[in-house]
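*Asks:*
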Amino acid sequence: MTWFTVASMRTSRRDLSEALKESTKEVHVEAENTGFMKSFQRGQLSLREFKLYLASLYYIYSALEDESERNKENPVYAPVYFPNELNRKAALEKDLEYFYGSTWKEEIQCHEATQKYVDRIYHVGQYEPELLVAHAYTRYLGDLSGGQILKKIAQKSLHLPSTGEGLSFFSFPGVTNISKFKQLYRARMNSLPMDPATEERILEEAKKSFLLNIEVFQELERLTSQGRISENGHLVQPKTELHTRGNNRIHGPQQSDRTQMTHKDMLPSTPLLRWTLVLFFLAMTIAVGLYAM
Ligand code: HEM
4 MTWFTVASMR TSRRDLSEAL KESTKEVHVE AENTGFMKSF QRGQLSLREF
54 KLYLASLYYI YSALEDESER NKENPVYAPV YFPNELNRKA ALEKDLEYFY
104 GSTWKEEIQC HEATQKYVDR IYHVGQYEPE LLVAHAYTRY LGDLSGGQIL
154 KKIAQKSLHL PSTGEGLSFF SFPGVTNISK FKQLYRARMN SLPMDPATEE
204 RILEEAKKSF LLNIEVFQEL ERLTSQGRIS ENGHLVQPKT ELHTRGNNRI
254 HGPQQSDRTQ MTHKDMLPST PLLRWTLVLF FLAMTIAVGL YAM
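Right, dumping it as structure tokens:
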């Protein structure tokens, strides 16, 4: 059976694009409602959190784009292979260099939940390539949709330059009309050859992909709220690492990074330290007042 005849078997069924949208509706709401995404939407994400988010995305897109390359001629993926329009890895490298400086690759770390997501993408690309479209759909159509809202929020709340530095990830210079491109992408997904069982597996994989994203957000939230993470995204090890690494160093672009730091970034991350500082300043103010009288 040729690819076209298999593809035509789908005409009586609902389109894959509609089915994907429908079956991921609930998990999309769940993703939007994670603490991390809620902070993002409220413009409350710190620079440190944003940098960690970009670092995670770097590993995720490296895997996704490696596997897209591997499958670019495979009929189960080829119709949705759009490297010039969609690829994000190079954009993320640019952003990471902007925030961390030229040594960004040594500064970032792939945490557990991100690694789990990356492992799944590599597994799918190699052993179940017909499911790769589910991962591409979840990330790329998301970036072309809600991602565009998040771009504006990040720019405003983190005081990033209007010229777009640090926000390359959210920009798609290869796509002139986002809405039309999304239509084309959906049409290409609908042209993929598949039987009902494969379609069902793709829908399940898309939900799984959302859940893997949610786990990444939850991990980022945990890592940052527990103050266990240093400015460069590494888990803070006891003493030895604190002495050997320049954890408090501000990585290039030094001046802009410094000015973009939010008040939250400048305060110590543990509540006990914050309160000690506050009490110290209060005591000093009262002492100076008494002395002046
Ligand atoms: C604060 C977070 C988010 C907001 C505000 C947001 C918002 C939106 C909006 C407005 C759309 C367009 C809906 C439409 O055209 O009918 C959309 C679509 C989409 N979003 Fe999100 N989103 C968020 C997070 C996410 C996340 C974390 C993912 C996955 C990792 C994601 C994946 C998608 C996908 C795949 C679509 C395309 C749906 C389709 O047309 O089939 N979104 N999002």
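Residue numbers (our numbering): 4 to 296. The beta-carbon is built from N, C-alpha and C at its ideal position, and this holds for glycine as well.
With F172 and V178 assumed to form a contact (beta carbons below 8 Å), what rounded beta-carbon distance in angstroms separates them?
*Replies:* As a first step, residue 172 must be located in the sequence shown, where it is residue number 169. As a first step, residue 178 must be located in the sequence shown, where it is residue number 175. Going by Cβ atoms, the distance from F172 to V178 rounds to 14 Å, so no, they are not a contact pair.
*Asks:* Is the beta carbon of T141 within less than 6 Å of some heavy atom of the ligand HEM?
*Replies:* Start at 1 with the first residue of the sequence shown, and residue 141 comes out as number 138. At least one heavy atom of the ligand HEM is nearer than 6 Å to the Cβ of T141, so yes.
*Asks:* Can you tell me where the alpha helix (DSSP H) holding D69 begins and where it ends?
*Replies:* Working through the sequence shown from its first residue, we reach residue 69 at position 66. First-last of the alpha helix (DSSP H) with D69: L50 to R73.
*Asks:* What residue range is occupied by the uninterrupted alpha helix (DSSP H) comprising N193?
*Replies:* As a position in the sequence shown, residue 193 is number 190, starting the count at 1. I181 to N193 is the span of the alpha helix (DSSP H), which, as asked, contains N193.
*Asks:* Is L192 near the ligand HEM, going by C-beta to nearest heavy atom under 6 Å?
*Replies:* Taking the first residue of the sequence shown as 1, we reach residue 192 at position 189. The question names Leu, but residue 192 in the sequence shown is Met. False, no ligand heavy atom lies under 6 Å from that Cβ.
*Asks:* Which ranges would you report for the alpha helix (DSSP H) in the segment 92–128 if only whole runs of at least 4 residues count?
*Replies:* Those alpha helix (DSSP H) runs which fall completely within the segment 92–128 and span 4+ residues are 92–103 and 107–110.
*Asks:* Is there contact here, the segment 62–71 with the segment 122–142, by at least three beta-carbon pairs under 8 Å?
*Replies:* yes
*Asks:* Give the single residue among L89, V79, Y103 and F102 whose Cα lies nearest to the Cα of V127.
*Replies:* Counting from 1 along the sequence shown, the entry for residue 127 is found at position 124. The shortest C-alpha separation from V127 is found at V79.
*Asks:* If you draw a straight line from the C-alpha of K155 to the C-alpha of G46, how long is it?
*Replies:* Counted from its first residue, the sequence shown places residue 155 at position 152. Counted from its first residue, the sequence shown places residue 46 at position 43. About 10 Å.
*Asks:* Between L144 and the ligand HEM, is there a pair consisting of the residue's CB and a ligand heavy atom that are separated by less than 6 Å?
*Replies:* Here residue 144 refers to the residue found at position 141 when the sequence shown is read from its first residue. Yes, the Cβ of L144 comes within 6 Å of a heavy atom of the ligand HEM.
*Asks:* Below 8 Å, can you find three or more Cβ-Cβ pairs linking the segment 24–42 to the segment 89–104?
*Replies:* no
*Asks:* Taking the beta carbon of M192 as the centre, do at least 16 other beta carbons fall within 10 Å, making it buried, or is it exposed?
*Replies:* Numbered from 1 along the sequence shown, position 189 holds the residue referred to as residue 192. Under this definition M192 is a buried residue.
*Asks:* Out of curiosity, what's the CA-to-CA distance linking H31 and L153?
*Replies:* For this step, residue 31 is matched to residue 28 along the sequence shown. For this step, residue 153 is matched to residue 150 along the sequence shown. One C-alpha to the other measures close to 15 Å.
*Asks:* Looking at the secondary structure, which residues open and close the alpha helix (DSSP H) in which Q221 lies?
*Replies:* For the purposes of this step, residue 221 is identified with residue 218 of the sequence shown, where counting begins at 1. It spans P199 to S228 - the alpha helix (DSSP H) in which Q221 sits, taken as one unbroken run.
*Asks:* By DSSP, does H162 sit in helix, in strand, or in coil?
*Replies:* Working through the sequence shown from its first residue, we reach residue 162 at position 159. In the structure shown, H162 sits in coil (DSSP, three-state: anything other than H, G, I, E or B).
*Asks:* Only counting the same chain, and skipping five residues up and downstream in sequence, which positions put a Cβ closer than 6 Å to that of E224?
*Replies:* Here the question's residue 224 lines up with position 221 in the sequence shown. Same-chain partners within the cutoff: G38 and F39.
*Asks:* Just curious, the alpha helix (DSSP H) that N87 is in, first and last residue?
*Replies:* The residue given as residue 87 occupies position 84 in the sequence shown. Counting along the chain, the alpha helix (DSSP H) containing N87 begins and ends at P86 to L89.
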